[in-house]
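Report on one structure; see the data block that follows.
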Amino acid sequence: MAEQPKTRLYVDSPLTEGQSVGLDHERAHFLRHVLRLDRGDPVAVFNGRDGEWGAVIDGFGKGWCSLTVRAQRRPQTGTPDLWLVFAPLKKGRIDFVAEKATEMGVSRLCPVFTRRTDPNRVNTDRLRANAVEAAEQCERLSVPEVADPLPLDRALAAWPEGRTLYLCAEAGAARPIAEAMRSAGSSPAALLVGPEGGFDQSELDELIKLPFVVPVGLGPRILRADTAVVAALACWQSLAGDWTADGGDTRPPFRSPVASID
370 MAEQPKTRLY VDSPLTEGQS VGLDHERAHF LRHVLRLDRG DPVAVFNGRD
420 GEWGAVIDGF GKGWCSLTVR AQRRPQTGTP DLWLVFAPLK KGRIDFVAEK
470 ATEMGVSRLC PVFTRRTDPN RVNTDRLRAN AVEAAEQCER LSVPEVADPL
520 PLDRALAAWP EGRTLYLCAE AGAARPIAEA MRSAGSSPAA LLVGPEGGFD
570 QSELDELIKL PFVVPVGLGP RILRADTAVV AALACWQSLA GDWTADGGDT
620 RPPFRSPVAS ID
């Protein structure tokens with residue numbers, strides 16, 4: 370039986386048998402000085418297109434590491450067509466949102482500025498780095514796309530036809546989230562979670578007029594924005610997402626624990 374990989378890495382390179390893959394300084398340092406790996410040690414790599422492959426370390430140099438791709442471990446599979454539209458939070462909490470949304474299978478992260486959004490800018494490079502790290506850890510075969518941040522009204526004006534937007538509404542008329550999502554099936558969807566302090570009433574009034582918006586409630590307690598993200602995603606996955614697959618156990622095959630970049 371092939372030796373289990375020591376870690377799992379996302380790469381941009383094409384992945385085929387015999388392909389050489391170069392790693393940057395950060396990842397070379399991680400493999401050599403954090404994990405104490407050496408030439409010949411096995412790792413797993415994925416790029417979001419070609420599935421997951423086993424590879425071995427060819428060698429290290431000053432600020433670099435090279436790998437050789439060996440055999441495919443898992444073919445590429447699809448990702449639920451689910452977007453997360455969210456008001457940016459302060460540093461630690463937006464990191465949490467990116468990490469958990471990736472683990473929960475979101476295909477696109479869409480930061481939007483609302484009238485009560487506190488941070489006035491988003492570090493999309495950091496957001497993507499957190500998504501990459503989470504994908505490496507959770508054995509996901511893809512990394513969610515990170516959209517450029519937009520004001521909420523501009524995002525709504527350009528909303529794609531056929532994609533339902535579930536508004537996590539803290540006030541006003543709303544259907545219980547399970548009732549609203551139970552019949553959603555696999556149609557394209559998005560969840561909208563507002564800022565700490567909630568949406569401005571004028572925003573809620575505008576949102577509920579839109580034909581693609583479905584207001585949903587998250588229960589009788591006030592949730593923090595990052596908690597609401599996890600709660601809403603768990604509901605969607607359990608009712609309409611890939612947790613409901615009919616093909617038996619959809620969990621990844623058992624592996625020995627692997628390290629990832631912290």
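Be aware that the sequence shown starts at 370, since it is given in this note's numbering, and climbs by one per residue. The beta carbon of each residue, even a glycine, is placed where N, CA and C say it ideally should be.
Of the other Cβ atoms in all chains shown, fewer than 16 fall within 10 Å of the Cβ of L579; this residue is therefore exposed. Spatial neighbours of D410 in its own chain (CB-CB distance under 6 Å, excluding positions within 5 residues in sequence) are listed in chain order as K375, I426. L560 places its beta carbon less than 9 Å from that of W605. 9 Å or more divides the Cβ of L587 from the Cβ of L451.
Listed as beta-bridge partners of R477 by DSSP are W452, E514. In this structure, S555 lies away from R532, with their beta-carbon atoms at least 9 Å apart.
For S435, there is no enclosing alpha helix (DSSP H); the residue is found in the beta strand (DSSP E) stretching over 433–443. A distance below 6 Å between beta-carbons, with the five flanking residues on each side excluded, links L534 to the following residues of its chain, in chain order: A559, L561, F581, V582.
Shown here, T613 sits in a helix according to DSSP, grouped into three states. The criterion of a C-beta distance shorter than 9 Å is satisfied by L392 and L400. The DSSP-derived three-state label of V414 is strand. In the same chain as R551, and ignoring 5 residues on each side of it, the C-beta atoms closer than 7 Å to its own belong to L608, in chain order.
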